[in-house]
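Enquirer: Residue numbers (mature numbering (1 follows the signal peptide of the UniProt record, and there is no 0)): -22 to -1, 1 to 76.
Cβ atoms here follow ideal geometry from the backbone N, Cα and C, with glycine treated the same way.
For clarity, every value in this text was computed on a predicted model and none was experimentally measured.
(1) Between the alpha carbons of residue 48 and residue 73, how many angstroms are there, rounded?
(2) By DSSP's criteria, residue 46 is part of a beta bridge. Which residues make up the other side?
(3) Please determine if the region 26 to 34 and the region 56 to 67 are in contact, where contact requires at least 3 C-beta pairs separated by less than 8 Å.
(4) Nearest-angstrom Cα distance between residue 14 and residue 8?
(5) Helix, strand or coil for residue 71? Go by DSSP, reduced to three states.
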């Protein structure tokens, strides 16, 4: 009788663990920081920003730990960027967030 109870308990525990682990990953943003300034198309800032955003989108999912910092290479207007995905995510999930 005790063996049957252990089997039932083990089966329940395995089903419960499988149910808990079957959920989709949480892909919500945790933090976004922007400034209040504006710029025009063709502005040097626009080129720096486009460079940084493109690099953040392509490099972050391929970095160990999904954590990437960058500074634009243009000396007239410098743009800084940082992105990070939860390391528990898969590469496709990190890409979809970017």
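Expert: Reading off the structure:
(1) 17 Å
(2) 61
(3) yes
(4) 20 Å
(5) helix
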